[in-house]
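If you read the sequence shown in this note's numbering, its first letter stands for residue 1, the second for the next number, and so on. All C-beta atoms in this analysis are idealised placements derived from N, C-alpha and C, irrespective of residue type, glycine included. Report on one structure; see the data block that follows.
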Amino acid sequence: MSRGFTLVELITVMMVLGILSVGTVRFITDSSSGFATTVTRAELAGDARFAVERLAREVRDALPNSVRVTGACLEYVPVLGASRYVTLPLTSLATSFRAHPIYPLPVPAGARVAVFPDGAVYDLTAPATVSPTVTVSAPDADNEVTITMASAHRFAVESPADRMFLVDTPVSVCADGGRLWRYVNYGFNVVQPTVGGLPSGLPNRALLAQEVVSTTPFALNAPTLTRNAVLAIDLEFARGDDQVRIEHLVQVRNVP
């Protein structure tokens, strides 16, 4: 007696196997797509966290009242160190004054001194808040140093606490062309520069993040009687159909 499959049985088996194959392929495809999406979003989130954390750290250490925002650009003056002065040129121009030693950093070339930065931080026309570049002597027997300025200068107003800050040149961070750029070594400008007025190449322009779709990522909320100024950072990153958005508030130090 011969045995075998009928045509109906063969077709039925083929249909069942086809259905199982389609389901298996769909399951594998969806799993792979989900994994790829998870990896992409994790990479975007990592880039976003790095950019936001670095910006927040630098803004917290910025010179009081130096943070300003225009369009897609954020600008601030980094603080290198701080101390207290003993003498200060206020009524007449001078090329030097006395202060307590500045710790813990050695004074780098190009550093300046800022006293009572309550406004007009970027205007260097004497009398001004920020001095010309300075050099600092070694401490003497009274544990005081002489701060010598590159040109004669007088400060606009003294600090009630005799406080002074050692500052670097301004830094700008701008969103441009889908990337977040950090700019240095372009000097002090009374009017905040935009991308067109900032350096266009290395080493004065460095890439901070890419795949940025935010066009106005910064907003500065003015201080009130009950709180300091607050910088709102709103960065959105996108790669294909995947997007990650991080919003972060940074309290800006305003006590000069």
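Item: Entirely enclosed beta strand (DSSP E) segments - the segment 150-221, minimum 3 residues; Value: 163-167, 171-176, 179-183, 205-210, 218-221
Item: Cβ-based burial, E75 [other Cβ within 10 Å; buried from 16]; Value: buried
Item: G46 (DSSP reduced to helix, strand or coil); Value: helix
Item: Proximity of V212 and L249 at Cβ, strictly below 8 Å; Value: no
Item: Cβ pair count under 8 Å reaching 3, the segment 108-127 against the segment 147-163; Value: yes
Item: Three-state class that DSSP yields for S66 in the structure shown; Value: coil
Item: Helix, strand or coil at L249 according to DSSP, with G and I counted as helix; Value: strand
Item: Pair within 8 Å by beta-carbon distance, V244 and A94; Value: no
Item: Own chain residues within Cβ distance below 8 Å of A120, not counting five before or after; Value: A128, T129, A156
Item: Exposure label - M149; buried when at least 16 CB within 10 Å; Value: buried
Item: Rounded distance between the beta-carbons of V77 and L63, thought under 8 Å; Value: 4 Å
Item: Within 8 Å, strictly: CB atoms of V173 and N204; Value: no
Item: Beta-carbon proximity of A229 to N254, cut-off 8 Å; Value: yes
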